Amino acid sequence: MNHDSQDDAADTNDPVGHPAESEASMLHHRRIRSFVTRAGRVSVGQQRAIDELGPRYVVPYAPQLADWDALFGRQAPRVLEIGFGMGATTAEIAATRPGDDFIGVEVHEPGVGALLKLIGERGLGNIRILQHDAVEVLEHMIAPESLDGVHIYFPDPWHKSRHHKRRLIQPKFVALLVSRMRPRGYIHLATDWQNYAEQMLEVLAAEPALENTADGYAPRPEFRPVTKFEQRGLRLGHGVWDLMFRRR
Ligand SMILES: C[S@@+](CC[C@H](N)C(=O)[O-])C[C@H]1O[C@@H](n2cnc3c(N)ncnc32)[C@H](O)[C@@H]1O
């Protein structure tokens, strides 16, 4: 995901105080969101995966609790991943942890198609996808104390200070996440943006229901693969920060 285009998109799409905005669209935008809706091109292969595998693996959004045991067809430790992008990391982790179930949430349609394609190619039965704002998914579809883990990898950093309010990792959002985690459940974050890493550490450390498993930043756990993007960054000398906290 191109971080700069994200900031630019917010500059042009920011609805606040726009006089020509209709009431319906004002209501829709009232909440500050951590993403901008981009009209991404869905490839032929992604579209085929959406058509063929979507009905089985995509869970339609509805503002009510979902029966995840029924949706996965079993009872297993459950991990929520927010903003899986093109899904490469999600598929890799799901393949190496077949005993766990993964709920992937992403708003970007080509990403949903890309992950469905990987599910088909690798025969992964332990992933379900929701194409919707993760905040609303957490609020309505995930029961309190039901998640064993939460993954958020390279969330949009929103570089400009006036956009920091759009960052996902904020005290209120973390409190919502924690309410959906089981005691001893973990939250694993990674970012390549130092200023956001510092914010993550500050926000998570200030949440009384969480404890840090490391002294500050954590080593990258073996189950998180290094992405191509990350590899290039590391070669260029850029940093990556992992955080691993547990619910008390
Ligand atoms: C910078 S990308 C990182 C993608 C991927 N995790 C990776 O490591 O390559 C962040 C992703 O989070 C998604 N996203 C941001 N806010 C979201 C939200 N509230 N709900 C669902 N997805 C969200 C964006 O659409 C975007 O694809």
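Going left to right, the sequence shown walks through residues 1 to 248 as full-length UniProt numbering numbers them. Quick reminder that beta carbons are idealized off the backbone N, C-alpha and C, glycines included. Since the structure is predicted, the reported quantities are computational estimates derived from the model, not experimental observations.
Between residue i and the rest of its own chain, which residues show a CB-CB distance below 6 Å, the 5 nearest in sequence each way excluded?
i    : result
A197 : T191, W241
H188 : H151, M244
Q199 : none
Could you tell me the alpha carbon to alpha carbon distance between residue i and residue j, rounded to whole angstroms?
i    : j    : result
R248 : P208 : 9 Å
P55  : Q170 : 34 Å
R41  : D148 : 34 Å
W68  : R31  : 27 Å
G237 : F229 : 13 Å
E121 : I93  : 15 Å
Q47  : K117 : 9 Å
L65  : L80  : 15 Å
D101 : V135 : 20 Å
V137 : Y61  : 7 Å
A39  : G239 : 30 Å
H108 : V36  : 9 Å
R57  : P219 : Per the sequence shown, residue 57 should be read as Tyr rather than Arg. Looking at the two C-alpha atoms, the distance is approximately 32 Å.
S161 : G123 : 43 Å
G233 : K165 : 26 Å
Q231 : P157 : 18 Å
D51  : A214 : 43 Å
Rank the options by C-alpha distance to the C-alpha of residue i and give the top, closest one.
i    : options                : result
M141 : I103, P98, V112        : I103
N126 : P225, A218, R74        : R74
R184 : R48, T89, P77          : P77
P221 : P157, V137, Y153       : Y153
Y217 : R232, L234, Q194, T227 : Q194
G113 : I82, T37, G87          : G87
S146 : R38, M181, L71, K165   : M181
F223 : L53, I82, A95          : A95
P155 : V137, I82, L234, G99   : I82
H132 : S161, R97, P63         : P63
So residue i packs on residue j, CB below 8 Å; how close in whole Å?
i           : j    : result
L130        : V44  : Incorrect: roughly 24 Å between the Cβ atoms, too far for contact.
residue 267 : L176 : Since the displayed the chain opens at 1 and closes at 248, residue 267 lies outside it and no answer follows.
S34         : R167 : 7 Å
L53         : I119 : 6 Å
Go through its chain and collect everything with a Cβ distance to residue i's Cβ below 8 Å, but skip five positions before and after it.
i    : result
L204 : I169, V174, I187, L189, L210, N212, L243, F245
A206 : P171
V226 : R220, L234
Keeping to the same chain, check which residues put their C-beta closer than 7 Å to that of residue i; ignore five residues upstream and five downstream.
i    : result
S179 : P144
F84  : T90, G104, E106, G111, L115
R235 : none
P98  : N126
A49  : G113, L116, K117, G120
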